[in-house]
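For reference, the structure discussed in these notes is given below.
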Amino acid sequence: MFFRTAILIPFLLMLLAVAFMPFLNESWWRAHFKKVSFFLAGIVICYYLFVEHGLPRLGSIFGEYVSFIVLIGSLFVVTGGIYLRVKGEATPWRNTLFLIVGSIISIFIGTTGASMLLIRPWIQSNRYRVTAFHMIFFIFMISNIGGCLSPIGDPPLFLGYLRGIPFFWLLEHLWGAWLLTIGLLSAIFYFLDRNNFLHAPLDVRLTKTNNETWHFQGFLNLFFLAMIIGAVFLPSPWREATMLLLGFLSYRLTPKNIFEANKFNFHPIEEVAWLFFGIFITMLPVLDYMEMKTTLTSYPLLKPTHFYYLTGLLSTCLDNAPTYLAMLQLQLGIHGMNIDSLHDVTYVALENPQPLVGISLGAVFFGATTYIGNGPNFMVKSIAEDAEIRMPHFLKYITGYSLPILLPILILIGWLFCS
């Protein structure tokens with residue numbers, strides 16, 4: 002029992018390192034974050050190999066990590082080969098419209114695909130007055146909340162679809178929460194951006210770049226992007242092999258001047274790959290502990306709002322896909338049903354949808370509250386920093402944006418749609 006409790010410590014240390022080290026000693030962290038991630042993951046790997054003899058379980062989480070990083074990496078390369086030059090400086094209205102349209106795009110190509118496709122044009126269009134809140138609202142709306150209306154939108158929702166939840170169930174039950182949240186965030190962003198715009202230099206407000214024209218390059222990569230989104234429906238390992246092939250073809254066939262125009266390099270994906278390797282491996286004991294407690298503990302009849310906040314809380318620091326499945330299993334288990342039964346999952350979705358509404362909204366919406374709440378969040382942060390945009394550190398992200406801006410909206414959503 003001691004070892005099963007102690008092995009939770011590497012995950013806690015990993016979270017603390019990601020949260021505090023860039024703030025306490027950024028130069029040391031940048032030089033050694035790979036070693037920290039590998040060391041903490043190594044402790045968990047050794048535990049599962051020599052104490053639990055859990056090689057299959059270790060292989061399962063490693064497979065999930067590979068699937069995650071292959072998807073992120075292939076989209077990163079393909080979208081890096083798409084160059085969009087935007088005419089003029091973005092006004093508050095144009096920026097707000099961009100975020101709304103980007104949120105809609107997330108429904109169809111997923112939050113990861115939309116984030117990788119749109120982050121560079123977003124940075125480029127705001128190049129004369131870009132600030133951290135531009136990036137944070139991009140993460141809120143396009144990298145997370147925008148994708149809640151379709152199974153393609155976010156990985157946990159896709160897993161639910163594979164388990165038996167009807168394809169259009171999300172659109173039918175979550176459209177009101179999506180519309181209200183996107184509307185409120187858009188309004189808040191507009192007023193913040195208007196204030197930023199009014200304090201910008203006069204030549205920026207007069208759009209001194211009127212001589213520029215709209216310009217698009219990399220049409221072939223739109224085909225590769227569509228193929229990657231389609232490959233999501235393939236079984237593993239064909240899914241990962243297809244994505245790797247498409248990423249390789251994109252990198253080889255895209256003219257190098259397009260990558261140069263996007264200032265493309267592999268540093269952002271390298272950073273994400275190393276950090277999430279540590280996060281995925283060290284969170285394995287936490288997920289197993291949750292599963293054990295779910296199995297052994299007798300739960301009262303939880304309300305939809307309980308599912309919403311419990312799923313949301315766990316999704317802020319754990320991968321929201323296994324969190325979603327754990328909560329779905331909990332909901333089914335309370336009623337004597339099993340997550341491996343297609344009939345049971347479909348029955349619960351159709352006959353008792355409110356708890357599942359809470360689980361779905363909690364997994365997707367709360368993923369926006371931290372950098373590690375959803376894969377695209379950290380990727381956007383890394384790309385922005387690579388473009389020399391000063392991003393808030395982990396705690397500043399939470400205290401400066403998630404708590405004062407996002408959390409009140411999430412509480413309102415829970416009250417209106419999960420009570």
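Residue numbering for the sequence shown follows our numbering, starting at 2 and increasing by one per position. Quick reminder that beta carbons are idealized off the backbone N, C-alpha and C, glycines included.
For residue i, three-class secondary structure by DSSP
| i | result |
| --- | --- |
| L325 | First, the residue type needs correcting, since residue 325 is Tyr and not Leu in the sequence shown. In this structure, Y325 counts as helix in the three-state DSSP scheme. |
| L235 | coil |
| Y48 | helix |
| Y372 | coil |
| P152 | coil |
| V381 | helix |
| D345 | helix |
| P157 | helix |
| A188 | helix |
| R164 | helix |
| L118 | helix |
| V287 | helix |
| K304 | coil |
| T131 | It should be pointed out that residue 131 corresponds to Val in this sequence rather than to Thr. Residue state, collapsed to three classes: coil. |
| S420 | coil |
| E173 | helix |
| P393 | coil |
| G55 | coil |
| G337 | coil |
| T210 | Caution is warranted here: a pLDDT of 46 is assigned to T210, below 50, making its placement in the model unreliable, and the coordinate value is therefore given only provisionally. Coil, per DSSP. |
| N197 | helix |
Residue i vs residue j beta-carbon contact at 8 Å
| i | j | result |
| --- | --- | --- |
| M244 | S28 | no |
| C419 | T312 | no |
| F422 | V79 | In this structure the chain extends from 2 to 420, so residue 422 is not present and cannot be described. |
| P167 | N321 | no |
| Y398 | T371 | yes |
| L276 | F379 | yes |
| I230 | G81 | no |
| I91 | N127 | This sequence places Ala at residue 91; Ile is not what is there. Yes, the pair counts as a contact, with Cβ atoms nearer than the cut-off. |
| D155 | V346 | no |
| F265 | L85 | no |
| I280 | I189 | no |
| A133 | M392 | yes |
| F139 | I120 | yes |
| S361 | L181 | no |
| F141 | A369 | yes |
| I44 | P11 | yes |
| L351 | P323 | no |
| L150 | I108 | yes |
| S187 | P377 | no |
Inter-residue spacing [alpha-carbon to alpha-carbon] between residue i and residue j
| i | j | result |
| --- | --- | --- |
| R58 | I46 | 10 Å |
| I143 | S342 | 33 Å |
| G64 | Y309 | 28 Å |
| P286 | L9 | 6 Å |
| G148 | I106 | 8 Å |
| E173 | F260 | 40 Å |
| G363 | L314 | 8 Å |
| G359 | G165 | 17 Å |
| L17 | I340 | 33 Å |
| L487 | N197 | Only positions 2 to 420 of the chain appear in this structure, which leaves residue 487 out of reach. |
| M15 | M136 | 24 Å |
| W176 | V52 | 47 Å |
| L254 | P269 | 21 Å |
| F24 | F395 | 8 Å |
| A20 | K35 | 15 Å |
| Y290 | A7 | 12 Å |
| Q332 | P356 | 7 Å |
| T283 | V37 | 12 Å |
| F40 | F278 | 11 Å |
| I124 | S251 | 22 Å |
| P405 | G55 | 42 Å |
| A262 | Y129 | 17 Å |
| Y325 | F249 | 32 Å |
DSSP bridge partner residues for residue i (one or two, in chain order)
| i | result |
| --- | --- |
| L85 | F217 |
Residue i classed as buried or exposed, judged by whether at least 16 other C-beta atoms fall within 10 angstroms
| i | result |
| --- | --- |
| G184 | exposed |
| N353 | exposed |
| E272 | buried |
| H344 | exposed |
| G337 | exposed |
| F159 | buried |
| W179 | buried |
| S61 | exposed |
| F192 | exposed |
| A327 | buried |
| S237 | exposed |
| T400 | exposed |
| L319 | buried |
Residue i: CB within 7 Å of a non-hydrogen atom of the ligand MN
| i | result |
| --- | --- |
| L413 | For the ligand MN, the structure offers nothing, since it holds no ligand at all. |
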